[in-house]
Every structure is written in C-alpha cells, then in structure tokens.
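Below is one structure, written out as structure tokens; comments come after it.
2 protein chains.
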Amino acid sequence: MATYRVPGLSGERFSVIYGIAGTETEARERAEHIRHEQTVEFPPDLLPAGDIPDVVVGRLEDFTQSGPNYYQALISYAVETAGEDLVQFLNVVFGNISIKPGVRVERIVPPLSYLNTLRGPRFGQDGLRALTGVTDRPLICTALKPMGLSAEAVAEQAYQFALGGIDIIKDDHGLADQKFCSFDERVARCSDAVARANAKTGFKSIYMPNVTAPYGEIQKRSEKAKKAGAGGFLLCPGLVGLDVVRYLSENDDFALPIMAHPAFLGSYVTSDQNGLSHYALFGQLMRLAGADATVFPNYGGRFSFSKEECQGIARGCSEAMGEIKSIFPTPGGGMTTDRAQEMIEVYGKDFVLLIGGGLHRHGPDLVENSRYFLRMLENL
Amino acid sequence: MATYRVPGLSGERFSVIYGIAGTETEARERAEHIRHEQTVEFPPDLLPAGDIPDVVVGRLEDFTQSGPNYYQALISYAVETAGEDLVQFLNVVFGNISIKPGVRVERIVPPLSYLNTLRGPRFGQDGLRALTGVTDRPLICTALKPMGLSAEAVAEQAYQFALGGIDIIKDDHGLADQKFCSFDERVARCSDAVARANAKTGFKSIYMPNVTAPYGEIQKRSEKAKKAGAGGFLLCPGLVGLDVVRYLSENDDFALPIMAHPAFLGSYVTSDQNGLSHYALFGQLMRLAGADATVFPNYGGRFSFSKEECQGIARGCSEAMGEIKSIFPTPGGGMTTDRAQEMIEVYGKDFVLLIGGGLHRHGPDLVENSRYFLRMLENL
Numbered sequence: 000m001a002t003y004r005v006p007g008l009s010g011e012r013f014s015v016i017y018g019i020a021g022t023e024t025e026a027r028e029r030a031e032h033i034r035h036e037q038t039v040e041f042p043p044d045l046l047p048a049g050d051i052p053d054v055v056v057g058r059l060e061d062f063t064q065s066g067p068n069y070y071q072a073l074i075s076y077a078v079e080t081a082g083e084d085l086v087q088f089l090n091v092v093f094g095n096i097s098i099k100p101g102v103r104v105e106r107i108v109p110p111l112s113y114l115n116t117l118r119g120p121r122f123g124q125d126g127l128r129a130l131t132g133v134t135d136r137p138l139i140c141t142a143l144k145p146m147g148l149s150a151e152a153v154a155e156q157a158y159q160f161a162l163g164g165i166d167i168i169k170d171d172h173g174l175a176d177q178k179f180c181s182f183d184e185r186v187a188r189c190s191d192a193v194a195r196a197n198a199k200t201g202f203k204s205i206y207m208p209n210v211t212a213p214y215g216e217i218q219k220r221s222e223k224a225k226k227a228g229a230g231g232f233l234l235c236p237g238l239v240g241l242d243v244v245r246y247l248s249e250n251d252d253f254a255l256p257i258m259a260h261p262a263f264l265g266s267y268v269t270s271d272q273n274g275l276s277h278y279a280l281f282g283q284l285m286r287l288a289g290a291d292a293t294v295f296p297n298y299g300g301r302f303s304f305s306k307e308e309c310q311g312i313a314r315g316c317s318e319a320m321g322e323i324k325s326i327f328p329t330p331g332g333g334m335t336t337d338r339a340q341e342m343i344e345v346y347g348k349d350f351v352l353l354i355g356g357g358l359h360r361h362g363p364d365l366v367e368n369s370r371y372f373l374r375m376l377e378n379l
Numbered sequence: 000m001a002t003y004r005v006p007g008l009s010g011e012r013f014s015v016i017y018g019i020a021g022t023e024t025e026a027r028e029r030a031e032h033i034r035h036e037q038t039v040e041f042p043p044d045l046l047p048a049g050d051i052p053d054v055v056v057g058r059l060e061d062f063t064q065s066g067p068n069y070y071q072a073l074i075s076y077a078v079e080t081a082g083e084d085l086v087q088f089l090n091v092v093f094g095n096i097s098i099k100p101g102v103r104v105e106r107i108v109p110p111l112s113y114l115n116t117l118r119g120p121r122f123g124q125d126g127l128r129a130l131t132g133v134t135d136r137p138l139i140c141t142a143l144k145p146m147g148l149s150a151e152a153v154a155e156q157a158y159q160f161a162l163g164g165i166d167i168i169k170d171d172h173g174l175a176d177q178k179f180c181s182f183d184e185r186v187a188r189c190s191d192a193v194a195r196a197n198a199k200t201g202f203k204s205i206y207m208p209n210v211t212a213p214y215g216e217i218q219k220r221s222e223k224a225k226k227a228g229a230g231g232f233l234l235c236p237g238l239v240g241l242d243v244v245r246y247l248s249e250n251d252d253f254a255l256p257i258m259a260h261p262a263f264l265g266s267y268v269t270s271d272q273n274g275l276s277h278y279a280l281f282g283q284l285m286r287l288a289g290a291d292a293t294v295f296p297n298y299g300g301r302f303s304f305s306k307e308e309c310q311g312i313a314r315g316c317s318e319a320m321g322e323i324k325s326i327f328p329t330p331g332g333g334m335t336t337d338r339a340q341e342m343i344e345v346y347g348k349d350f351v352l353l354i355g356g357g358l359h360r361h362g363p364d365l366v367e368n369s370r371y372f373l374r375m376l377e378n379l
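Protein sequence lines correspond, in order, to chains A and X. According to numbering that gives the first Met the number 0, the first sequence is numbered sequentially starting from 0. According to numbering that gives the first Met the number 0, the second sequence is numbered sequentially starting from 0.
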C-alpha cells in the first residue's frame, strides 16, 4: 500500500492524562482504545500506512500505575486534529470515550503554541479586581432570587445588595426569560439599580445577568445586557456548550467578565472512574474557554465535592498555563462567618465568595446583612 | 407577611421522574432537595408566602420504592418556570441537581400544551423514509473516515458508498474543519459526489456533513451545507448544546434532517445512580429537541450499553408524545450479518443501522461491500 501523507502536520501535539480503571492488561487495552477512538475511530489494521497511524492517531506517551487497579495514561494528539477550535478540541479530548466507563480525563496538557490560539479570560483575577476595585480580600458575590419574583422585586434586591457593598450581584442561574421576570425588564431594572447604588456609595458593584439562552439568542441578550449597563455575564456552559464562553470572552463588542455556572455539568464529576476531574472541568476547561470566575459548590455544603476536589479546581484556576490569565474559583453554598475564615485558609484571598441564603437569613435588612458580611470579610 | 402573587401562572405543570438512591428517609430528603433546588434554590422558610412556595416550587406528586434502597419521585414543575425555552427546560429538569450523586432523571413527562410549543423533528421516521425512498427495511448509514484523509479522498468514499446504495452517508463526528480536510471543500466535494452517484443509480442517498462547530459558526456551516446540496446534518449536542438541534430543526431555511451523535454525552449515562437514563437522554430529549435520528452504541459492541438500555432508547424514539413525530434509533458498532438479524428482532424495521469498519473490512471494493450489506438487509 502506498504511504499516505497528510499535508500540513506541524509535529506539535497536545496531551491528555486519562485515569483508567482495571487491571494493567485491561487498562492498557483501554488506552489503545482511547488513542484510536478519539481520532480515527477505525480498525487499526485497515488504516492506510503513513501519517494517519503515525501522526494522526493518538500516541500513548506514558502509562503508570496510580493506585490499586488504577492507571494513568498520557496520550498525545496532533494539534491539527483539533484545529484552533475549542469544540473540536473537546471532541478529541473526550468525545466518544465519554461513553466508555472506567475512563476519566484527569488533566489536559496543551502546548504553548496551542494556548496562544485561545485568548482565554479577558479579565481574569486582576481584571476583575480592577473592575470592582477590590484589592486585598476575596470578592463577595450573591444571586438574585428566588425564582418567581418580579423584575421589580429582584431589582430592589440588587439595589440593596449594591448599597451594602456586595461586589458581584448575579442573576440566579434559574432566571432566564420567564413571563413573570422577563430578561429585558430584569436587566434594565437591575443594571439601573446597581448604578444608582454605586453613585451613592462610591463602590463599583457589578451586575451579571444570566445570558444562558436558546442558540441564536445568546448574543442578542448579551448585547442588550451590555447596552443596559450590565457589568458581566453569568453563563451555564453545561446547557449551551463551553464554546459560548469562548465566544463571549473573545467578542470585543461585549468585553465584560464572565462567570461560569455548573448547572447540568454535575454528571461529569459524580464518578471518580468516568467523566472529567474537578480540576480539569471546573478549573482548566472553564479557564481555557475564557471564564473569569468559575462557580462550584463548596465542600461541606448541600452538595458533595470534597475539600481536595475544591482545591483541585482552585489549582486549575491559577496554575501556570501559557499566557492564559488566572481566574477566580467561586465556591458557593452554606456560608457562615466561621466558614469564611476556613475558606480563606483553603483558597487564600484570591477567590469569589458566593453567598446566597445566608445573606437573607442574617436579618430582615439586606443592606445591613451585606455590610455585615463585607465587614467580616475585610476583617479576616 | 403579605401573600406574594406571581402573575401569569396557568396552573399547567410538567413532570420528571427521578430515580433516587438511599434509604426511604434519605430518598425523601433528596426529593425535597430536588423540588427546591431546581426552582427557587432558596431556604424554604424564607420564601414569601403565596405563589412561590405554592406553585413555583416543584411538587412531589408521587414517591414509590422501585428497588432495594432505590425510589422513584415524580416531581412536577409549573410550565412557566421553563417558558417555551428548551435550554431553561433542561435547567429545571436537571441543572443544579446534576451535581447531586444519587439522583437520576428516569423520564420526562411533558404536558400536551407544552409539547405543542416545541416543533420536534421536522422529518421523523416517515419524513426520512420519504427522503431516502426506503419503505420497508431499516435504513443503512455509514461514516466517512478515518480522520486524516483529504476532502478528495472522503468524497471518493462517499461516491462509492452512494453507488453501492448506502442510504445515509455522514461525516465521521471527528471531521470538523481541519486543515487537511476543510469543511467547505469536504461538503462541496461530498455533496457533489453523492449527487453524481444518485444520478447514476436512481437511489436517493443523502450526505450529512458534521455541522458541530464553534458558536456563531454553526448556522454558517449549515447554510453552506444546504447550499452545496447536503441532504442533512450531523450534530453533536454534547459539544454544542441540545438547543442547537432545536435551532436547526425549526429553521425553515435549512429544512434538512438531523442526526444527533452522542459524543461527550457518555458521562450522563455511565452511572445508574446519576445523570439521565438512556431512554430520557438519547430517546426523549433528542426527539423533543428535533433530531430525526439518534446515534448510540449498540449493545455488545465496543461500548457498554446493555440491550435493555438500547431498547429504552428505541422506546423513547417512538412512544406516544403529543404531536411529536417518531424518530429513528441509530445503533452503531460491530455490524456483521449475524447481528443485523438480531437487531431487527430487537429494534423492528424502524431503525437506522450504522455501520463503520465492517463496510471497509468486508473486501477492498467499497461499492461491492455496500451492495452486499444492502442486499443482506433487504433479504432479512
């Protein structure tokens, strides 16, 4: 058979570390499966000799035992398999193999040149600190809720939170474009409310509406939000695709910070033998896509992430990764004064503290409650 | 506290059956958690009295034991929580609760009026049969691969498959817009190749390019494909969001059948205590969104779906669901003559048989191989 040449292969590769369950023999078989399945998806013996088996098919670069019946396989892929396209990059990393139990993406290892094709977060930690004027403490964020309130009522909440000094006031991720609280009215009222409060206080609170929306509507809602004076975007990549984060972050017409929310993504991390690691999904991938802050449930709350998993996310947010900026881990849930101290010990000062019910429970006055939690954070 | 009224609530509700792991006490607690988490995400005792707790919060309508330490909870939601918006519908069904281990969406029960707001599949089984002219046997589909081939080479494959009478010739889901096989060139060449073959044979083979692409590019690629003469679209909703299926299927400018591919969705079904059931994800949701065919790995192949899970998908494709058309289950992998007979016993005649490697392995001549498998199907 003639040797088949694939034009334009640079020789550069990116890698993925997969955790693989099984005996050594089983795990090696699975690694073989992965490197073919994620690229050519074709019987190896039927591939035309040449660049396809030699370069296009994934390569097993390293294989080590990492636990009882658990192995780590480092598999590299030609950068040309994924182009400069985040969607296809995800497809190569975990497309078909997501269907295989016992295979988990532990870590993505992109090469520098590839990282340079992704802009990553526009703001990152430094940019978000500059926007909000918060230099030396964790940022504090809350959500407008409960679902069912009118746009007027959530705007009044936004006003009080902003008066109280909450740095980021976001829509609850369940606020979309419901009849009882339409996107247009909510965004206009809340943006205005936060601006009025800022004019009084001198703070730089920002309002982040939820722009998670039907395909084709996302850019329209983002444009409207920008025009209305919103200070950022909340987005659920699990509902609309991670690439929407990339789209919003790269678009110079928007140029607002993005907070990524984990809705509909939980199934990727509920098994330690399938899916993606917390580090890879909520740290690396959100950051690669361009989120400036990544929301996740803090350990010890009403969900089940462990402390180590949360720390993994925080590492993925700030570990060196080419020119890609560091972003804010945004742990949420179950906030109390005691927990804030512990969170600073775990996350340092570079995180966004997401507080929901606690702000409402502390007392009847949302302005006072906000001030109370803000003072507490400033004094830690 | 004054009673808070939410305007515009119709009283109509849709429901979700969740499978919940745990003791009865634990499972009941989880059901309580679900109905709040998926709607108001707010401490119940702090909700304003009135419509929010009474109507907006999910309602536990039924709770039964379905196995040892396993329960089924039927929870209903006001249709207004999700509007007429598939993205927000998914969010209410499984957004935050995806993060909770031990909770699985078994089945979605939409009310008729809600189904009427979704167009669903434009073609469905009957439409796709009409397009391809296949009346009384399963349709046969194959994929252009391996990745690394030029556009010219895959078009030559497409030509041979079409000459041989394969009904649907789709891009492998790994073909995106790589330098070695650009979308534009591939779609032009393959559409042309299939048209030339059809002109010779009198068959009505259709070519379905992969339009899974970056946000904002999907509609452009779909337009190009339609213009070039493609006969349908392949899409990976796991990479770009299920709503893109809805977008493509509703858009009268495109008006081509859609085949949904399971890439990056596997993690939703690898655990039987989290995620979504095969029936709900690959059957109900793909169909609700508007896919005309839903690809999944057949049981007994290189993935791990069971026969029962595959049958569940097939049920989800055709069970009565308002005005929504029935669609084709499209099991793939490991096709042999023996298996085709068995597949007909399991799926009936209303499915698309997806055959990959087998078509290449049977002999060196793809036209002859295609004819061989087609004859075999016709004679079963």
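Idealized CB from N, CA, C, for every residue including glycine. These figures come from a predicted structure and were not determined experimentally.
task = Rank Pro-120/X, Cys-189/X, Ser-266/X, Thr-80/X by C-alpha distance to the C-alpha of Met-258/X and give the top, closest one.
result = Here residue 258/X refers to the residue found at position 259 when the second sequence is read from its first residue. Measuring from the Cα of Met-258/X, the nearest candidate turns out to be Pro-120/X.
>> Is the beta carbon of Val-193/A closer than 7 Å to that of Ser-181/A?
In response: Here the question's residue 181/A lines up with position 182 in the first sequence. Here the question's residue 193/A lines up with position 194 in the first sequence. Going by C-beta atoms, Ser-181/A is not nearer than 7 Å to Val-193/A.
task: Please compile the residues from chain X whose C-beta is within a distance smaller than 7 Å of the C-beta of Asn-95/A.
output: Sequence index remark: in the first sequence, residue 95/A carries index 96 (1-based). The CB of Asn-95/A comes closer than 7 Å to the CB of Ala-262 in chain X, given here in chain order.
TODO: Answer yes if the stretch 34-53 of chain X comes into contact with the stretch 84-103 of chain X, meaning at least three C-beta pairs across the two stretches below 8 Å, and no otherwise.
DONE: With a cut-off of 8 Å, the stretch 34-53 of chain X and the stretch 84-103 of chain X count as touching, because enough Cβ pairs lie within range.
- Task: Return no unless some Cβ of chain A is closer than 7 Å to the Cβ of Ser-303/X.
- Result: Numbered from its first residue, the second sequence carries residue 303/X at position 304. Interface residue, yes.
Does the stretch 102-115 of chain X touch the stretch 15-32 of chain X, meaning 3 or more C-beta pairs lie closer than 8 Å?
-> These segments touch.
Going by the CB atoms, is the gap between Leu-255/X and Gly-231/X shorter than 7 Å? As a working mapping, residue 231/X is identified with position 232 in the second sequence. As a working mapping, residue 255/X is identified with position 256 in the second sequence. Between Gly-231/X and Leu-255/X, the C-beta gap is smaller than 7 Å, which places the two residues in contact.
(Q) Within 10 Å of its beta-carbon, does Asn-297/A have 16 or more other beta-carbons around it, so buried, or fewer, so exposed? (A) Residue numbering aside, residue 297/A sits at position 298 when the first sequence is read from its first letter. Counting Cβ neighbours within 10 Å, Asn-297/A comes out buried, since at least 16 surround it.
Problem - Residues from the stretch 247-275 of chain A in contact with chain X, defined by Cβ distance under 7 Å - result: Residues of the stretch 247-275 of chain A with a C-beta less than 7 Å from any C-beta of chain X: Pro-261, Ala-262, Phe-263, Leu-264, Gly-265, Ser-266, Tyr-267, Thr-269, Ser-270, Asn-273, Gly-274, listed in chain order.
**OP:** Taking the CB atoms as reference points, tell me whether Leu-157/A and Leu-143/A lie closer together than 7 Å.
**Re:** For the purposes of this step, residue 157/A is taken as residue 158 along the first sequence, with counting starting at 1. For the purposes of this step, residue 143/A is taken as residue 144 along the first sequence, with counting starting at 1. For the record, residue 157/A in the displayed sequence is Ala; it is not Leu. Annotated as proximal: Ala-157/A and Leu-143/A, with beta-carbon spacing under 7 Å.
Check: Got a sec: which bits of the stretch 14-32 of chain X sit with their beta carbon under 9 Å from any beta carbon on chain A, in order along the chain?
Finding: Listed by position along the chain: His-32.
Exercise for review: Please list the partners that Tyr-171/A has in chain X, where partner means a Cβ-to-Cβ separation under 7 Å.
Suggested key: Working through the first sequence from its first residue, we reach residue 171/A at position 172. As written in the sequence, residue 171/A is Asp, which differs from the Tyr given in the question. Ordered by position in chain X, the residues that pass the 7 Å Cβ test against Asp-171/A are Glu-40.
* Starting from the beta carbon of Val-351/A, find every residue of chain X whose beta carbon is closer than 7 Å, and list them in chain order. => Taking the first sequence and counting its residues from 1, the one referred to as residue 351/A is at position 352. Within chain X, no residue has its CB atom less than 7 Å from the CB of Val-351/A, the nearest being about 18 Å off.
inquiry  = Suppose the cutoff is 8 Å on Cβ atoms and the five residues either side in sequence are ignored; what does the same chain contact list for Leu-85/X look like?
reply    = As a first step, residue 85/X is located in the second sequence; it is residue number 86 there, counting from the start. Excluding residues within five positions, the ones whose Cβ falls inside 8 Å are Leu-117, Leu-241, Asp-242, Arg-245, Leu-287, Ala-288.
Taking 7 Å as the CB-CB limit, is Gly-10/X close to chain A?
-> Position 11 of the second sequence, counted from the first residue, corresponds to residue 10/X. Taking Cβ atoms only, chain A never reaches closer than 7 Å to Gly-10/X, which makes this a no.
inquiry  = Quick check on this structure: which residue in Glu-28/X, Lys-226/X, Leu-352/X, Gly-57/X has the alpha carbon closest to the alpha carbon of Ser-190/X?
reply    = Position 191 of the second sequence, counted from the first residue, corresponds to residue 190/X. Checking every option, the nearest Cα to that of Ser-190/X belongs to Lys-226/X.
* Can you tell me the Cβ-Cβ gap for Phe-122/X and Leu-130/X, rounded? I've got them flagged as a contact below 8 Å. => Your numbering for residue 122/X matches position 123 in the second sequence. Your numbering for residue 130/X matches position 131 in the second sequence. Confirmed, about 7 Å.
Point to revise | CA-to-CA distance, Leu-8/X to Pro-52/X, given in whole angstroms | key: Position 53 of the second sequence, counted from the start, is the residue given in the question as residue 52/X. Position 9 of the second sequence, counted from the start, is the residue given in the question as residue 8/X. Annotation: Pro-52/X to Leu-8/X spans about 13 Å, alpha carbon to alpha carbon.
For this session: Please name the residue or residues paired with Tyr-206/X in a DSSP beta bridge.
Result: The residue given as residue 206/X occupies position 207 in the second sequence. In the DSSP output, where bridge partners are listed per residue, Tyr-206/X has Ile-168/X.
Among Asp-176/X, Gly-299/X, Ile-354/X, nearest to Lys-219/X - alpha-carbon criterion | Sequence index remark: in the second sequence, residue 219/X carries index 220 (1-based). Closest option to Lys-219/X, Cα to Cα, is Asp-176/X.
Can you pull out the residues from the stretch 96-112 of chain A whose beta carbon lies closer than 7 Å to at least one beta carbon of chain X? For the stretch 96-112 of chain A, the set of residues with a beta-carbon nearer than 7 Å to any beta-carbon of chain X comprises Ser-97, Ile-98, Lys-99, Pro-100, in chain order.
Open item on the list: I need the DSSP call for Pro-43/A, collapsed to helix, strand or coil.
Closed with: For the purposes of this step, residue 43/A is identified with residue 44 of the first sequence, where counting begins at 1. Pro-43/A falls in the helix class under three-state DSSP.
Residue-level contact to chain X via CB, Gly-147/A, 7 Å cutoff: Taking the first residue of the first sequence as position 1, residue 147/A is located at position 148. Closer than 7 Å: yes.
Requested in this report: Classify Asn-378/X as buried or exposed, calling it buried when 16 or more other Cβ atoms lie within 10 Å of its own Cβ.
Outcome: For this step, residue 378/X is matched to residue 379 along the second sequence. Exposed: under 16 other Cβ atoms inside 10 Å.
Is it true that the CB of Ile-74/X sits closer than 7 Å to the CB of Gly-59/X? Position 60 of the second sequence, counted from the first residue, corresponds to residue 59/X. Position 75 of the second sequence, counted from the first residue, corresponds to residue 74/X. It should be pointed out that residue 59/X corresponds to Leu in this sequence rather than to Gly. In this structure, Ile-74/X lies closer than 7 Å to Leu-59/X by Cβ.
Under 8 Å by beta carbon: chain A residues contacting His-359/X: As a first step, residue 359/X is located in the second sequence; it is residue number 360 there, counting from the start. Within chain A, the residues near His-359/X are Phe-41, Pro-42, Leu-45.
| said: Short of 8 Å Cβ to Cβ, which residues in the stretch 198-230 of chain A face chain X? | reply: Considering only beta carbons, the part of the stretch 198-230 of chain A lying closer than 8 Å to chain X consists of Thr-211, Ala-212, Pro-213, Tyr-214, Gly-215, Ile-217, Gln-218, in chain order.
Interface residues of chain X facing Gly-356/A [CB-CB closer than 9 Å]
As a first step, residue 356/A is located in the first sequence; it is residue number 357 there, counting from the start. Against chain X, the beta carbon of Gly-356/A has neighbours under 9 Å at Glu-40, Phe-41, Pro-42, Leu-45, listed in chain order.
**Asked** Residues of chain X with a CB under 9 Å from the CB of Pro-6/A: which are they?
**Response** The residue labelled residue 6/A in the question sits at position 7 within the first sequence. The contact set of Pro-6/A on chain X, defined by CB atoms closer than 9 Å, consists of Ser-149, Lys-178, Phe-179 in chain order.
| said: For Cys-309/A, tell me which candidate among Glu-318/A, Gln-340/A, His-277/A has the shortest Cα-Cα distance. | reply: As a first step, residue 309/A must be located in the first sequence, where it is residue number 310. Of the candidates Glu-318/A, Gln-340/A, His-277/A, the one whose C-alpha sits nearest the C-alpha of Cys-309/A is His-277/A.
DSSP on Phe-93/X, reduced to helix/strand/coil? By 1-based counting over the second sequence, the position of residue 93/X is 94. Here DSSP, grouped into helix, strand and coil, assigns Phe-93/X to helix.
Inset, instruction - Have a look at Arg-4/X, Thr-141/X, Thr-24/X, Phe-327/X and flag the residue whose alpha-carbon is nearest the alpha-carbon of Val-366/X. - result: What you label residue 366/X is simply residue 367 of the second sequence in a count that begins at 1. Considering only alpha carbons, the answer is Thr-141/X.
Mind checking if Gly-429/A is an interface residue toward chain X, Cβ cutoff 7 Å exclusive? Here chain A has residues from 0 to 379 only, and residue 429/A is not among them.
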